[in-house]
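Chemist: If you scroll down you'll find the structure; I have some questions about it.
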């Protein structure tokens, strides 16, 4: 799957701020950030086994390992890690129980809608529910996407 790039300022704010100031060493910050990301992944209830997350604050890099039941779940884990503020790259080293073809990705820009993205990739704006479903549970509503977010675009 490789290394994926993300926009540092975009995404869920899971760590930083007061926690960052309270930490006494960079290692403390890195472990707190990794724990916050791991908790965020677990809250999504994606069925991952043996999940291990590490974070390198100097590089803004998350490394994630474990076992995913499907390729789609592996890709959603990448998005869970990368669509977090202060993360610039994700190295997904997870194994997949049932391998399948990889999805494409789309970086959301200002003015994008799921319908417009569906029109671009599928030639039909009415296929936006496919993209919405492919990005659940991270997306809670089809209208709640933001610039800098990365979305999975599965094959039809």
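In the working numbering, the protein residues as written are 9 to 164.
Even glycine gets a Cβ: it sits at the ideal position worked out from N, Cα and C.
None of the values given here were measured: they were computed from a predicted structure.
#1: Quick test of your reading: residue 18 and residue 154, contact by CB under 8 Å. State the CB separation rounded to the nearest angstrom.
#2: Looking at the structure shown, is residue 76 part of a helix, part of a strand, or coil, going by DSSP?
#3: Residue 71 by DSSP, collapsed to three states: which one?
#4: Apart from the five residues just before and just after residue 106, which ones in its own chain have a Cβ nearer than 8 Å to its Cβ?
#5: With a threshold of 8 Å, are at least 3 pairs of Cβ atoms found where one atom belongs to the stretch 55 to 66 and the other to the stretch 122 to 130?
#6: Between which two residues does the alpha helix (DSSP H) holding residue 140 run?
#7: If you draw a straight line from the alpha carbon of residue 147 to that of residue 120, how long is it in whole angstroms?
#8: Can you name, in chain order, every residue of its own chain whose Cβ lies under 6 Å from the Cβ of residue 104, other than the five neighbours on each side?
#9: Could you please give the first and the last residue of the uninterrupted alpha helix (DSSP H) stretch that includes residue 129?
#10: At which residues does the beta strand (DSSP E) containing residue 161 begin and terminate?
#11: What three-state label does DSSP hand residue 30 in the structure shown?
#12: Below 9 Å between beta carbons: does that hold for residue 98 and residue 71?
#13: Apart from the five residues on each side of it in sequence, which residues of its chain come closer than 7 Å, Cβ to Cβ, to residue 150?
Modeler: This is what the structure holds:
#1: Your numbering for residue 18 matches position 10 in the chain shown. Your numbering for residue 154 matches position 146 in the chain shown. About 7 Å separates the two Cβ atoms, so the contact holds.
#2: Start at 1 with the first residue of the chain shown, and residue 76 comes out as number 68. Note: residue 76 maps to strand in three-state DSSP.
#3: Numbered from its first residue, the chain shown carries residue 71 at position 63. Note: residue 71 maps to strand in three-state DSSP.
#4: For the purposes of this step, residue 106 is taken as residue 98 along the chain shown, with counting starting at 1. Within the same chain, residue 106 has close Cβ partners 77, 78, 79.
#5: no
#6: Stepping through the chain shown from its first residue, residue 140 is reached at position 132. It spans 136 to 142 - the alpha helix (DSSP H) in which residue 140 sits, taken as one unbroken run.
#7: The count along the chain shown starts at 1 and reaches residue 147 at position 139. The count along the chain shown starts at 1 and reaches residue 120 at position 112. Each residue's Cα considered, the two are about 15 Å apart.
#8: Numbered from 1 along the chain shown, position 96 holds the residue referred to as residue 104. Closer than 6 Å at the Cβ level, and outside the excluded window around residue 104, lie 76, 79, 82.
#9: What you label residue 129 is simply residue 121 of the chain shown in a count that begins at 1. 122 to 130 is the span of the alpha helix (DSSP H), which, as asked, contains residue 129.
#10: Taking the chain shown and counting its residues from 1, the one referred to as residue 161 is at position 153. Unbroken beta strand (DSSP E) run through residue 161: 158 to 161.
#11: Taking the first residue of the chain shown as position 1, residue 30 is located at position 22. Confidence at residue 30 is low in this model, with a pLDDT of 45, below 50, so the placement of that residue is unreliable and no value is reported for it.
#12: As a working note, residue 98 is residue 90 in the chain shown. As a working note, residue 71 is residue 63 in the chain shown. The Cβ-Cβ distance between residue 98 and residue 71 falls below 9 Å.
#13: On the chain shown, residue 150 is found 142 positions in, with the first residue counted as 1. Counting only Cβ-Cβ distances below 7 Å, and skipping sequence neighbours, we find 122, 136, 140.
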